[in-house]
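To start, the structure itself, in structure tokens.
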Amino acid sequence: MGRIPCCEKDNVKRGQWTPEEDNKLSSYIAQHGTRNWRLIPKNAGLQRCGKSCRLRWTNYLRPDLKHGQFSDSEEQTIVKLHSVFGNRWSLIAAQLPGRTDNDVKNHWNTKLKKKLSGMGIDPVTHKPFSHLMAEIATTLAPPQAAHLAEAALGCFKDEKRTTKLSTRLSLTFQRLRKRNLK
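So, in structure tokens, the structure goes:
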């Protein structure tokens, strides 16, 4: 059992879309709408899979899409919503008119995650790295905390940050050990 294949894989063109194909798909959808994606490629005269046509329309050709750079306010919105919803890209994209979930996800993974890490903020929890290290230090026994901190430091690429952070962590662990010994 299972679904009937959406297309005959042998006769389907793969790879980059040509401007002619984009024009055919756009004009067909303008006239007939987007009712049945399995029939659209055949009726539009395209040798593409229905899924490929749907994704091309949804992510690139729709007239209401915004193309190009994200504004600062859009980036702030993505970061705020990501802290609430996590990786639920369609929910986040719904708050950004003209942006697709794919577009938002790609921007997060290529730009915003690195930007937050560079600012010393964990892109998963949205907390400063220093707070996370302090939480780790208070919840684990000192030898485990030190080992985990070293592993976390290995993730940082910039040696200056690593040196500064390791100094801060050493001081934090020393203080914690002194407290535990008292």
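Quick note on numbering: the sequence shown equals residues 28 to 209 in this note's numbering. Cβ atoms here follow ideal geometry from the backbone N, Cα and C, with glycine treated the same way. Predicted, not measured: the structure shown is a model, and the values here were computed from it.
The C-alpha of residue 46 lies about 42 Å from the C-alpha of residue 152. Judged by DSSP in its simplified three-state form, residue 155 adopts strand.
Following the DSSP letters along the chain, one finds residue 103 inside the alpha helix (DSSP H) bounded by residues 99–112.
Residue 31 counts as exposed, since fewer than 16 other C-beta atoms from the protein chains shown sit within 10 angstroms of its C-beta. Annotation for residue 85: 127 place their beta carbon closer than 7 Å to its own, counting only its chain and skipping 5 residues before and after.
Within its own chain, the residues whose Cβ lies closer than 8 Å to the Cβ of residue 91, once the five positions on either side in sequence are excluded, are 124, 125, listed in chain order. For residue 67, the enclosing alpha helix (DSSP H) has its first and last residue at 67–71. Residue 31 is not bridged by DSSP to any residue. In this structure, the beta-carbon distance from residue 148 to residue 131 does not fall below 8 Å.
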